[in-house]
Amino acid sequence: MNDSSAPKDVLDRSKPPRSRLARSLDSDIAASFLRSRVVVAAGIAAALMVLAAFGAPLLAPSNPYDLNSVNLLDANTPPVWHKDGDRRFLLGSDNQGRDILSTMLYGTRSSILIGLLAVAFALTLGVSLGLIAGYVGGRVDSVIMRVADVQLTFPAILTALLVDGVASVMFKNQSGGTTKFWILVFSIGLSYWVQYARTVRGVTLVERNKEYVQAARLIGMNQFSIMFRHVLPNVLSPVLVIATINLALAIITEATLSFLGVGLPPTTPSLGTMIGTGNEFLLSGDYWMVLFPGLTLAILVLSVNLLGDWLRDALNPKLR
Amino acid sequence: MLAFAIRRLIEAAFVMLTVALLSFVLFRFVGDPINQIVSQDASLEERIRLREDLGLNDPIPVQFGRFVWKAMNLDFGVSYQVKQPVITILMDRFPATLELAFAAALFAIAIGIPMGVYTGIHRHSMLSKWFLSISLIGISLPTFLIGILLIYVFAVKLGWLPSYGRGETVKIGFWKTGLLTWSGLKALILPAITLGLFQMTLITRLVRSEMLEVLRTDYIKFARARGLSNRAVYFGHALKNTLVPVVTIIGLQVGAIIAFAIITETVFQWPGMGLLFIKSVQTADIPVMSAYLLLVAFMFVVINFIVDLLYVAIDPRIRLAGSGAGH
Amino acid sequence: MTGPVLSVRNLRVEFPTRHGTLRAVDDISFDIAAGEVLGVVGESGAGKSMTGTAVIGLLEPPGRIAGGEVRLKGQRIDNLAGEALRRIRGRRIGMVFQDPLTSLNPLYRVGEQIIETMRTHLPMSEAQARRRAIELLSEVGIQGASDRLDSYPHQFSGGMRQRVVLALALCAEPELIVADEPTTALDVSIQAQIIQLIKRLCRERGTAVMLITHDMGVIAETADRVAVMYAGRIAEIGQVADVVQRPSHPYTKGLMGSIPTLEGSETRLVQIPGSMPRLTAIPQGCAFNPRCPQAFARCFLEQPAAVFVGRSEVACWLASATPVQGTP
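Chains as they are written, first to last, in my numbering: chain A, 23 to 342; chain B, 55 to 381; chain C, 170 to 497.
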């Protein structure tokens with residue numbers, strides 16, 4: 023791809039400045055996507071992983087949820103290219119005799135699902151609180167922003183650990199995979215809402231003082247819905263960028279919690295749990311139990327991060 | 055200056071109080087203290103008497119006041135699991151975490167700042183591009199994976215360094231240090247790198263972008279026009295001006311280092327507070343959880359205060375703005 | 170009389186870009202004698218700052234000197250690099266930038282910055298440099314210099330900071346000062362003081378000054394000679410009195426027409442129509458031709474070379490057409 027568009031803009035200052043939204047919807051985005059081979063590769067990798075993960079029930083050689091198909095005698099089988107490999111276990115098996123490849127596919131699905139839901143939760147919470155803080159102002163605003171400040175003092179992983187710990191104690195009686203799944207979504211989402219709130223609050227504060235809001239009040243229209251409609255386009259691109267970068271963080275957080283043994287239970291496939299289990303067998307040389315899930319996780323997070331980086335630059339050239 | 059310090063102290067007190075409230079709610083309502091203390095078959099009278107003894111029937115604000123008072127006297131109750139005073143267990147493990155965090159921060163700063171300066175000055179060199187690509191991978195790899203990778207290479211395959219534990223420790227007063235023995239130092243290397251790597255890449259990127267910013271300023275151009283040597287321009291004038299944001303981030307990252315120590319300590323079975331905390335989460339050991347929370351919050355607040363004082367030391371504009379001097 | 174302090178011959182500065190090479194400074198020549206103030210005037214983008222930057226060797230890559238030579242007291246300096254060039258900057262050529270608010274490092278005391286510069290170039294002890302710095306600060310008109318030495322830049326007003334910058338430029342006793350818009354960022358009331366200060370200090374020391382400005386008024390007040398730049402070239406260069414009172418180049422005439430005079434003989438100010446072309450779109454022939462009220466066919470075809478008109482040198486076909494007085 024030819025990338026002559028950027029420098030031309032630098033030299034030619036006669037063009038009127040365009041709004042951020044107009045700029046972001048410009049076809050430049052498509053061009054800048056194709057420009058970088060790394061970003062294209064990241065996009066393809068991410069797309070493939072999402073497809074594979076959600077096609078897990080169709081693609082996976084076996085179902086790791088189905089305890090009947092699992093045989094402890096198959097435990098710690100090396101990958102198929104080793105001397106004592108087994109055709110049924112392409113990438114080997116874990117200490118329970120589950121197929122690594124199948125567990126990985128299902129595990130990736132959990133990772134992506136929890137990541138997406140947690141981000142959606144954080145986004146909804148953050149955008150709403152930011153909007154309320156900016157719109158209502160006064161004491162409500164200062165309470166919300168103080169809480170945000172205090173939370174920002176603590177690293178997200180610590181918040182997630184704490185919320186997860188507390189929620190797990192409260193729901194001690196329902197220790198099934200589904201409960202833990204939602205606890206994870208909740209605790210990770212609760213750890214990442216601050217950035218959205220701050221961004222949206224800033225934009226809302228600016229919009230609140232604009233004439234159309236005052237005018238809407240004069241003619242007795244619902245200011246809040248008007249503002250919502252006007253604030254939203256303005257925060258769309260920053261929120262999108264934060265969400266993409268948060269997705270990578272959320273996936274890492276889920277994997278970390280599961281690795282630490284406080285995330286998904288061992289019976290539910292998860293990349294973090296697999297790596298945690300495999301870690302115990304690393305010293306005996308059973309590398310495949312860590313290597314493949316670890317590689318999957320790393321590639322997943324790296325591609326999402328690359329996409330996020332690119333998106334940030336594409337939507338906001340001023341940042342660079 | 056004094057007003058500045060006082061304002062900061064009030065803010066710190068606010069944060070501590072919020073965390074104390076959280077911690078109290080956790081302690082008082084999430085885990086029922088009675089159930090954890092008495093045996094399953096204790097009679098109802100026994101329970102009621104204990105309730106009264108523990109003051110659980112007092113008004114909530116009174117209970118909170120007592121909680122804060124006790125916490126200030128380092129009384130965090132007794133661990134459900136180990137049946138020992140929480141403060142004893144925590145203090146036993148505190149040095150391990152602090153030494154690890156300190157080594158990690160040292161590694162991150164000692165490597166991150168020079169790398170950031172280099173990539174900022176030689177923006178287009180091949181080496182800079184390599185550094186930056188590696189740093190992106192460093193940011194994308196979860197801490198526990200980095201730890202496992204390092205263990206596999208340096209402990210399992212090469213056998214150079216131990217894969218877990220703290221090695222031999224020496225006791226100085228209550229402080230058990232691993233810094234004075236050869237095996238303790240060797241055991242520190244891998245965990246410190248694991249913990250510091252993310253912060254290192256962060257510092258590299260930050261210093262780089264700040265350097266790029268500062269090198270464009272007029273006073274750098276003027277410093278060159280005055281014929282100062284490259285060394286004086288880069289390290290005397292440019293680097294010092296990047297330090298305010300860098301110190302901010304490092305201050306914030308010390309918090310992150312303590313939080314991520316939980317993960318590193320788990321991977322390396324490092325006997326610190328993080329490992330204790332994760333076990334307390336797994337076993338719902340509420341007193342340990344709430345004490346850890348308070349202790350960590352206290353450390354954050356202290357560090358933030360030190361960072362604020364550091365700004366003042368670096369930037370005269372902040373120093374003098376506070377005392378109302380200037381023209 | 171000895172030779173000039175600074176001698177620039179056929180200097181060309183170019184910026185290679187993706188869209189071809191931009192010529193920011195095109196074939197300019199001038200001299201500055203000891204104690205003389207040469208004003209360089211022109212609109213922004215005319216290449217005057219670029220010329221100053223090229224003289225002191227601080228062009229930002231990819232910008233580079235593509236031709237010509239720069240001599241300082243007869244020694245060629247345009248081909249020097251690295252260490253040799255650094256030893257000249259600050260030592261033999263001092264520089265004053267436009268904005269005194271941003272020229273000084275905010276994190277160091279002004280004394281530290283002066284002493285640092287002196288000790289970089291001169292064999293002085295810390296104590297000697299400190300004494301000298303105090304003298305210098307008093308000389309540039311800062312009261313209570315021995316106390317102010319330990320102040321930070323933000324504790325000075327804009328005008329005072331520019332005095333500090335001037336002290337910094339002069340501290341190693343350079344032979345030439347390049348002052349790039351030294352008063353533009355200052356209050357009008359302070360501008361005159363700073364200009365007088367520069368003039369006085371340089372006259373006393375016999376320092377040559379290259380005074381870059383877009384303000385014809387400053388030139389008229391301060392400079393001995395003036396070079397008028399347009400689109401990277403010198404349109405007219407000569408004694409200030411000649412250029413101001415009897416401008417020959419149509420562009421200079423336009424510039425003079427845009428200065429309000431106290432006599433008020435003229436009822437309205439003359440404006441030059443249009444604006445200077447961008448470097449990417451310099452017209453063929455004389456660069457001024459799209460705006461020139463007197464342009465004729467030749468102006469659109471060939472670039473005019475400089476010829477003498479009286480004591481001034483003028484690059485204009487009109488001047489070439491008039492009888493040549495004096496010989497090059």
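Where is the CB? At the ideal position from N, CA and C, for every residue including glycine.
In the structure shown, D268 of chain C falls within a coil segment according to DSSP collapsed to helix, strand and coil. For V263 of chain A, no chain B residue has a Cβ inside 7 Å of its Cβ, as the nearest lies near 16 Å away.
Assignment of I262 of chain C by DSSP, reduced to helix, strand and coil, places it in the strand class.
Annotation for W123 of chain B: the continuous alpha helix (DSSP H) segment containing it runs I114 to M126.
Taking the beta carbon of I225 of chain C as reference, the chain B residues within 8 Å of it are A279, listed in sequence order. The alpha-carbon of V73 of chain B is positioned some 7 Å away from that of A351 of chain B. Secondary structure at W332 of chain A: helix, using DSSP grouped into helix, strand and coil. Counting only unbroken stretches of 3 or more residues, the beta strand (DSSP E) elements lying wholly within the region 287-359 of chain C are 345-349, in sequence order.
Counting the other Cβ atoms within 10 Å of the Cβ of M219 of chain C gives 16 or more, which makes it buried. Within the same chain, and ignoring the five residues on either side of N274 of chain C in sequence, the residues whose Cβ sits closer than 8 Å to its Cβ are Q282 and P322.
Under the Cβ distance rule, N295 of chain B counts among the residues neighbouring chain C, one pair being separated by less than 8 Å.
Under the three-state reduction of DSSP, Y214 of chain A is assigned to coil, being neither helix nor strand. For F184 of chain C, the enclosing beta strand (DSSP E) covers residues L175 to T186. F130 of chain B places its beta carbon less than 8 Å from that of P341 of chain B. Just measuring C-alpha positions, the residue of C:S176, C:G189, C:Q331 and C:V209 sitting nearest Q408 of chain C is C:V209.
One thing to note: S132 of chain A has its Cβ no nearer than 8 Å to the Cβ of P315 of chain A. Taking a 10 Å sphere around the C-beta of G250 of chain B, we find 16 or more other C-beta atoms and assign the residue as buried. Judged by DSSP secondary structure, S481 of chain C falls outside any alpha helix (DSSP H) and instead within the beta strand (DSSP E) spanning S481 to V483.
I451 of chain C and A466 of chain C have their alpha carbons spaced roughly 17 Å apart.
Non-local C-beta neighbours of A277 of chain B in its own chain, meaning closer than 7 Å and more than five positions away in sequence, comprise V287 and H291, ordered along the chain.
For Y365 of chain B, the three-state secondary structure derived from DSSP is helix.
The continuous stretches of beta strand (DSSP E) do not include I246 of chain C, and DSSP gives it neither H nor E. As a beta-bridge residue in DSSP terms, E238 of chain C pairs with C:R178. Annotation note: the region 162-246 of chain B contains the following uninterrupted beta strand (DSSP E) runs of length 3 or greater, listed N- to C-terminal: 224-226 and 229-231. A residue is called buried once 16 or more other Cβ atoms fall within 10 Å of its Cβ, and R369 of chain C, having fewer, is exposed. Listed in chain order, the positions of the region 277-299 of chain C with a beta carbon within less than 9 Å of a beta carbon of chain B are Y277, R278, Q282, E285, T286, T289 and H290.
Under the three-pair Cβ rule at 8 Å, the region 190-210 of chain C counts as touching the region 382-394 of chain C. Nearest CB-CB separation between P299 of chain B and chain C: not below the 8 Å threshold. Neighbours of S272 of chain C in chain B, taken as residues at a C-beta separation under 7 Å, are given in chain order as D272, Y273 and F276. R402 of chain C: not part of any alpha helix (DSSP H); member of the beta strand (DSSP E) spanning R402 to Q408, first to last residue. Against chain B, the CB of M219 of chain C has no partner CB under 8 Å away; the residue lies outside that interface. The three-state secondary structure of P139 of chain B, taken from DSSP, is strand. Nearest CB-CB separation between P291 of chain A and chain B: not below the 8 Å threshold.
DSSP, read as helix, strand or coil, puts S198 of chain C in strand.
Q267 of chain C counts as buried, since no fewer than 16 other beta carbons sit within 10 angstroms of its beta carbon.
At least 8 Å separates the CB of R332 of chain C from every CB of chain B.
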